[in-house]
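Asker:
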Amino acid sequence: MESRGLLRRCVRLTVDDWADAVEVLRATRCATAVVDVEPVTAPWRSGEKALSDGLAGALRELARAGRIERIVFLTNSRRVPVDGLPAESQAVYVARARKPWRLGAIADPSPPVAVIGDQLLTDGLLAWRLSSQGTPAIFVHWQCPKTHWWPRLQQAAGTCLRPLLFRTPEAR
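Residues 977 to 1148 (this note's numbering) are what the sequence shown spells out, left to right.
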């Protein structure tokens, strides 16, 4: 990764939907996928069925993405899937993850790592922290509609940090 002053910058790729995010994982040959739960796999404030269906669909798609060895679903909410995740999926689900501050759920990830999420201040900063600690990581920034006030506020605040922490592949 490139350094600029004291800050190490992380690669940020923008995608418009889940299929594009999975294609980025395939193209970059990521070994570890860290996936934001809401809204990437299930809409905010949706029910248990939407969460379970979203996680199952994400696992199916990620299984087709290539050499992914580990999948970590992270959410800062208290929400957990009632049925859990299939044991054979090599996936873990972490509620109350305190992104981007706690890295324990992703300790010793197999590089390269892709963090898929919609917010620069949580998911993006998590990818940046992994990169600054020497783990090759990219931030796959999913551009979803922000329907609630809190995600819109986070998006506005994150825009200020984008030039300091992230670079696009064209800026090499």
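The C-beta atom is built at its ideal place from N, Cα and C for all residues, glycine as well.
All values derive from a computational prediction rather than experimental measurement.
#1: Within the same chain, show all residues whose beta-carbon is closer than 6 angstroms to that of E1037, passing over the 5 residues directly before and after it, in chain order.
#2: Is the beta carbon of G1114 sitting closer than 8 angstroms to the one on V1016?
#3: In terms of DSSP beta bridges, what is C986 paired with?
#4: According to DSSP, is I1047 helix, strand or coil?
#5: Is A1039 near the ligand HEM, with its Cβ less than 7 angstroms from a heavy atom?
#6: Who pairs with D1012 in a beta bridge, going by DSSP?
#7: For A1090, which residues does DSSP report across the bridge?
#8: Return the Cβ separation of P1087 and P1112 in integer angstroms, given the expectation that the two are a contact with Cβ distance under 8 angstroms.
#9: Using the rule of at least 16 other Cβ atoms within 10 Å of the residue's Cβ for burial, across every protein chain shown, is R980 buried or exposed?
#10: For A1081, name the three-state secondary structure that DSSP assigns.
#11: Please identify the residue among Y1069, L1001, L1050 and N1052 whose C-alpha is closest to the C-alpha of A1059.
#12: Distance check for R988 and P1062, CA to CA, integer angstroms please.
#13: Quick check on this structure: which residue in R1054, T1051, V1011 and R1043 has the alpha carbon closest to the alpha carbon of G1033?
Answerer: Judging by the given coordinates:
#1: V998
#2: Residue identity differs from the one stated: residue 1114 is Ile in this sequence, not Gly. In this structure, V1016 does not lie closer than 8 angstroms to I1114 by Cβ.
#3: F1142
#4: strand
#5: Here there are no bound small molecules, and the ligand HEM is not part of this structure.
#6: L1050
#7: A1009 and I1114
#8: 5 angstroms
#9: For R980, the pLDDT reaches just 43, beneath the cut-off of 50, and the residue's location in the model is therefore unreliable, although a value from the coordinates is still provided. Burial call: exposed.
#10: helix
#11: Correcting the residue identity first, residue 1059 is Asp in this sequence and not Ala. When only C-alpha atoms are compared, the closest one is Y1069.
#12: 30 angstroms
#13: V1011
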